[in-house]
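Inspection log for the structure reproduced underneath, given as structure tokens.
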Amino acid sequence: MKKSIFIDFRVCFLAVLMLGFSSLKAQDFDIRSHRVVWDSQSQNSSESMPVGGGDIGVNTWAEDGDIFLYLGKSGAFDENNTLLKLGRIRLSISPNPFSSADFNQELQLDKGRVVFTANKDGHTAKVVVWVDVFSPNVFVDVQSNKAVNAQAVYETWRYKDRYPQKKENNANSWKWAPPKEVVTYKDEMELKSDQFYFF
Numbered sequence: 001m002k003k004s005i006f007i008d009f010r011v012c013f014l015a016v017l018m019l020g021f022s023s024l025k026a027q028d029f030d031i032r033s034h035r036v037v038w039d040s041q042s043q044n045s046s047e048s049m050p051v052g053g054g055d056i057g058v059n060t061w062a063e064d065g066d067i068f069l070y071l072g073k074s075g076a077f078d079e080n081n082t083l084l085k086l087g088r089i090r091l092s093i094s095p096n097p098f099s100s101a102d103f104n105q106e107l108q109l110d111k112g113r114v115v116f117t118a119n120k121d122g123h124t125a126k127v128v129v130w131v132d133v134f135s136p137n138v139f140v141d142v143q144s145n146k147a148v149n150a151q152a153v154y155e156t157w158r159y160k161d162r163y164p165q166k167k168e169n170n171a172n173s174w175k176w177a178p179p180k181e182v183v184t185y186k187d188e189m190e191l192k193s194d195q196f197y198f199f
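Just so we're aligned: the sequence shown equals residues 1 to 199 in full-length UniProt numbering.
Structure (structure tokens):
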């Protein structure tokens, strides 16, 4: 008898506790109110906006009328265990409305994307950068009210072998005791039909 009363008491206590917590409510939070908006282009990559999904990360920004993307992947280690950026993509549009002062760049946290918009003498354009969270794909959607030519160029700083010196080795596994010569090897690049490979 005492055991069943004790169990009934625990059930009642839990029910009262759950009812009490169900009436508590945190402040309403609308992530759309935290969008970051810039109305001028960046000076360099230190003024970029992040976007990503899965194991892909992108820093994107507009500079001198072009849109740039630094690409990163969580498993892109070299033989020295240095996590390297995959490279940089430069998107150029011609005729280019992004060369005007009427410019906007918005980090839309609720949609996981960065949106660039520009208007130059009635020529409006919009570029949306986002990453698929289910597959390692980066998307760049270009929309314009006039016909444009969009050119994407891959750029890398690893166009030749590099030899990290002193504190540069802090980025790899050797840290303070590197062997005689540490090499970050140049990227290899191949163009096959309509696909570009780099490794």
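Here a beta-carbon is modelled for each residue, glycine too, at the ideal position from N, C-alpha and C.
- Contact between Leu91 and Ala147 does not hold, since their C-beta atoms are separated by about 16 Å, which reaches or exceeds 8 Å.
- For His123, the enclosing beta strand (DSSP E) has its first and last residue at His123 to Val131.
- The distance from the Cβ of Ile31 to that of Asp110 is about 5 Å, consistent with a contact at the 8 Å cut-off.
- Beta-bridge partners of Met18 (DSSP): none assigned.
- Of the other Cβ atoms in all chains shown, 16 or more fall within 10 Å of the Cβ of Arg113; this residue is therefore buried.
- Per DSSP, the continuous beta strand (DSSP E) segment holding Asn119 begins and ends at Arg113 to Lys120.
- Using a Cβ distance threshold of 9 Å, Glu106 and Val37 count as a contacting pair.
- Assignment of Pro97 by DSSP, reduced to helix, strand and coil, places it in the helix class.
- The C-beta distance from Trp174 to Asn80 rounds to 6 Å, short enough to fall under 8 Å.
- Taking the C-beta atoms as reference points, His123 is found no nearer than 9 Å to Pro164.
- For Glu106, the enclosing beta strand (DSSP E) stretches over residues Phe103 to Gln108.
- Secondary structure at Phe9: helix, using DSSP grouped into helix, strand and coil.
- For Ala152, the uninterrupted beta strand (DSSP E) run begins and ends at Asn149 to Glu155, by DSSP.
- Exclusion of the five residues before and after Asn169 leaves Lys175, Pro178 and Val182 as the residues of its chain whose Cβ lies within less than 7 Å of its Cβ.
- Around the CB of Gln195, fewer than 16 other CB atoms lie within 10 Å, so the residue is classed as exposed.
- Judged by beta-carbon spacing, Val142 lies beyond the 9 Å limit of Lys120, meaning their Cβ atoms are not closer than that value.
- Bridge pairing for Gly54: absent [DSSP].
- Apart from the 5 residues on each side of it in sequence, Arg158 sits with its Cβ closer than 7 Å to the Cβ of Thr184, Lys186 and Asp187 in its chain, given in chain order.
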